[in-house]
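Residue numbers (our numbering): 556 to 1634.
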């Protein structure tokens, strides 16, 4: 029963049953819903649309539309819950502050318009009245939904609250209450599939034209990727469609902004609001009830990246809560009790990455480590294990209290500085020792999170002092062992765990604390800003460090970031952990790229770069590396770009040192390809290195940056080339590098850089050598590009690759691409050669072609003949190669092709010679009347007939020996009897009369044809079935025509028929047909 209209207009909430009954009533009172709608409802609630498409090969458009229609949420109560914390005022009461109430008022005031549903995507505009003297505001809203749940929302009001804004509410309620007034379209991919090529191009161009300022960079990037063969986008079938609904594996849950939830919790902690911990408890318990956790565990599958990131953040938030410096002991005990309970649950997610839980504490001196330490085998560490570990920490250490209390804390004046050597550095700055570096940084993050920014800054300074002292001792330790390590050429990793990608994000914590004090803007600093098309520089200022003249927190932040990024560390276990290392590194570098480098920061950069180069086994840029240490390519590219304007020599030294990829260097010597050259090394060879392809790409990008920067500097160009040849093992990436170098070296509007062009050519030659024995579809593209690059350099480079083709190309590539392209008209115009030089190039190409023909006559003989047409001696040599190859087993198909070429060139006698050689190798059986060589044989017969009686007489024995197919012999015989043979070898006149079939040389062919018909007839009759009787009678009719060409043909055919009747008299029906037709 419908609720009263007046009650509904005041904002009562409609549940799904009420909404469904309302839409049913709109079609007519008392009419039942159509079966299509009933079915579509159930499917829309339970099935992802991808599952529907996979289950049924074709879904009719009306069915698709009904499923899409019913996939939007149908309950206003759910909209209320996710917009207003489930707040429902009493009957007749209103709270204008609640988003649901405000959204309802906007709907009722007619503020919603231009509502469009495309597939599983709803969009519309909401006009909100302005305040007194303010203009009306227009907001554009987008909502994605799946299986009756809103999965994502976007609103132009940029709402930063946890829940849906009033504009999202207004649009959602419009769709629920006025569903049949909303224009409904199928997913956009369905519409695009109906367009032809011209329509698609027009669509894309109009779309770009309408939004060129927003989408043009993205459109160009996508176009470049699509046009690049082998790019990642071309390896994926199809393309994403944001309007096509969720996939089968996608999570199906109501949209909630996890980042805003996490930020809200941190803000509550900062305000010292106890509700922060309460909200975190509710969130954790809710997430632990997610059915996907049990399903993933049961299937042994990994979580989605989004879920994994969420659990990581939950674990970090619990560390902040448990480490709270002002919580009561009973509160902490309660939290730890909950964490212990959650930690023991089977579905509780585990921490990935084999990071140590008992790693060494920060110490002023460092003893060399024997190797990477990992957590004990069989130990189980969940995402809450670090929070439980943090429960054992406290804040009542006297030295820690003094660090937090004052900026001027220093050694006691009464005591000797040497007595405080474990708490202060030689300069008298406080140190913080005794616990692992990530744990110490977690204290800094906790202090910031709980509203103690000054104390966090002081502790961060003490940790930086400790890192500096530790680094000094590391360098001293390395100097004592340097000779031994360099002789050994490798090292065991000395850092027990990496700091970049660590679950506690220690480097990020320190950077946040240090930069927060320096930022000029008032809003809270985001360490990892959203990456957008327009990256703006963030304004910071140098804030002095108390007690350290010349130091600033800004410079310390840069130093800490470089120290963490440059740390030599082993790659962690697991795909997600490795991906997190890459993501964390890129986030830190994105932060650094936003910093405007002034003179003080450049000095810090130069000093840290020098320390990284001298850091030995403690630095990823050191002279010796652990085999499975994380490469430094991405960090080095930033340092190279930043240092290049100020210290080019240091920039190149650092980048060249970072080009190493130790895990590949130990497997493949320099310059050798890996097993599948055009791909990265497969994971079955290096099962732990899931991100190896990404790392190799970053290595290539670093090399490209150096090559582009070194343009015009031959010294650095050749140095970089040597490093590239030694360290890059992927031919696909080397080829891309060569292409980029060639493009940079030869711009359209400037003279080319010959040195860089030579580098590009050398890289291309290396790719050719590496892939010579592993043919792939990209080789043709590579070969063509190499010829083009050599042409840009000059004729000598082109002739050099022709002369050394055997080490670079296959004979087919050399003959059909290199020689042909190198002598093409466009190439000759580009080279602008005089007569002698042009002839020299042609001679080189002809020599190459002849060599290829000798090595692979089957595939290269014809290209060689074609290329040598204009030079008599070369052409004769190529022809002789063909004759020699024919004696050596060159196939009849190739010989016929070459024979036809000779005829086309006006050399009929040579064509005849090759045709006879081909016939000598051919054998056509009695039942092969559709043999692929039939047309070639008929052409050879026609050629011999046109040459004269002598050639025809010579080919008849070959025809009889090679062809046993009766209809084919009969056809040849008739063709030869239609007209007189042509000129003979001595130029005799054409015979006036056609040849007779009963006279030489055709009588032999006639006998062979008759014999073939007799043999074939007996063969067919042996296994003939009644359904083939008619075909056999037709066959006998053709046989009779051939028999009658002989003088006694009628008698022979009669005898042949009698023989058949006697031999096969058991086939009465067939014999009856024979008598009816032939008597």
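Quick reminder that beta carbons are idealized off the backbone N, C-alpha and C, glycines included.
Candidates the options: closest to residue i by CA position
{"i": "residue 1580", "options": "1558, 1565, 1592, 1619", "result": "1619"}
{"i": "residue 1357", "options": "879, 1395, 1436", "result": "1395"}
{"i": "residue 1301", "options": "1043, 1346, 1533, 999", "result": "1346"}
{"i": "residue 1341", "options": "698, 1296, 1592, 777", "result": "1296"}
{"i": "residue 1337", "options": "1288, 849, 949, 1299", "result": "1288"}
{"i": "residue 1429", "options": "1068, 1397, 1449", "result": "1397"}
{"i": "residue 653", "options": "662, 638, 667", "result": "638"}
{"i": "residue 1259", "options": "1244, 1298, 1270", "result": "1298"}
{"i": "residue 935", "options": "952, 635, 910", "result": "910"}
{"i": "residue 875", "options": "1011, 963, 987", "result": "1011"}
{"i": "residue 1009", "options": "1032, 965, 1101, 884", "result": "1101"}
{"i": "residue 1143", "options": "1157, 1116, 1180", "result": "1116"}
{"i": "residue 1180", "options": "1204, 1151, 1216, 1148", "result": "1216"}
{"i": "residue 849", "options": "956, 905, 1633", "result": "905"}
{"i": "residue 1470", "options": "1484, 1496, 1269", "result": "1496"}
Residue i - DSSP class collapsed to helix/strand/coil
{"i": "residue 844", "result": "coil"}
{"i": "residue 1295", "result": "helix"}
{"i": "residue 701", "result": "strand"}
{"i": "residue 901", "result": "coil"}
{"i": "residue 706", "result": "strand"}
{"i": "residue 1129", "result": "coil"}
{"i": "residue 978", "result": "coil"}
{"i": "residue 1283", "result": "coil"}
{"i": "residue 1226", "result": "Any answer about residue 1226 is weak, because its pLDDT of 46 lies below 50 and its placement is not dependable; what the coordinates show is given next. Coil, per DSSP."}
{"i": "residue 1629", "result": "helix"}
{"i": "residue 676", "result": "strand"}
{"i": "residue 1005", "result": "coil"}
{"i": "residue 1602", "result": "coil"}
{"i": "residue 797", "result": "coil"}
{"i": "residue 695", "result": "strand"}
{"i": "residue 1099", "result": "strand"}
{"i": "residue 889", "result": "helix"}
{"i": "residue 853", "result": "helix"}
{"i": "residue 1070", "result": "helix"}
{"i": "residue 739", "result": "strand"}
{"i": "residue 1219", "result": "helix"}
{"i": "residue 985", "result": "strand"}
Whole-Å CB distance - residue i paired with residue j, under 8 Å assumed
{"i": "residue 618", "j": "residue 590", "result": "Not quite, the Cβ-Cβ distance comes to about 11 Å (not below 8 Å), so this is no contact."}
{"i": "residue 743", "j": "residue 673", "result": "6 Å"}
{"i": "residue 1312", "j": "residue 1348", "result": "5 Å"}
{"i": "residue 1564", "j": "residue 1528", "result": "6 Å"}
{"i": "residue 1436", "j": "residue 1409", "result": "6 Å"}
{"i": "residue 692", "j": "residue 679", "result": "With a Cβ gap of about 15 Å, residue 692 and residue 679 do not count as contacting."}
{"i": "residue 1040", "j": "residue 1171", "result": "7 Å"}
{"i": "residue 1555", "j": "residue 1520", "result": "Between residue 1520 and residue 1555 the Cβ distance is about 23 Å, and since that is not below 8 Å, they are no contact."}
{"i": "residue 1344", "j": "residue 1316", "result": "5 Å"}
{"i": "residue 977", "j": "residue 1013", "result": "Not a contact, Cβ separation roughly 18 Å."}
Exercise for the section: Assess, as a yes-or-no matter, whether the stretch 1126-1143 is touched by the stretch 1049-1064 under the definition of 3 or more beta carbon pairs within less than 8 Å. Expected result: yes
Handout entry: Segments assigned alpha helix (DSSP H), at least 4 residues, entirely inside the stretch 1140-1201
Key = 1154-1168, 1188-1198
Exercise for the section: Go through the stretch 1532-1600 residue by residue and report every complete run of the alpha helix (DSSP H) that reaches 4 residues or more, in order. Expected result: 1557-1577, 1584-1598
Handout entry: 4 or more residues per run - each alpha helix (DSSP H) lying fully within the stretch 1446-1479
Key = 1447-1459, 1463-1475
Exercise for the section: Kindly provide the ranges of any alpha helix (DSSP H) runs that are 4 or more residues long and lie completely inside the stretch 591-639, ordered along the chain. Expected result: 604-610, 616-625, 631-639
Problem - Given 8 Å, three or more beta-carbon pairs between the stretch 1488-1508 and the stretch 1571-1579 - result: no
Exercise for the section: Would you check if the stretch 1462-1469 and the stretch 1500-1508 touch, i.e. whether three or more CB-CB distances between them fall below 8 Å? Expected result: yes
Practice task
Specify whether the stretch 1190-1203 and the stretch 1250-1269 touch according to this definition: at least 3 beta carbon pairs, one from each stretch, less than 8 Å apart.
Solution key: yes
Practice task
Evaluate the contact criterion for the stretch 1378-1392 versus the stretch 1361-1368: three or more CB pairs, one atom per stretch, below 8 Å.
Solution key: no
Exercise for the section: Please determine if the stretch 939-946 and the stretch 891-909 are in contact, where contact requires at least 3 C-beta pairs separated by less than 8 Å. Expected result: yes
Practice task
Count the C-beta pairs between the stretch 723-731 and the stretch 657-664 that are closer than 8 Å, then say yes if the count reaches three, no if not.
Solution key: yes
Problem - Three or more C-beta pairs below 8 Å linking the stretch 980-988 and the stretch 1104-1112 - result: no
Problem - Contact the stretch 1142-1159 vs the stretch 1018-1028: 3+ CB pairs below 8 Å - result: no
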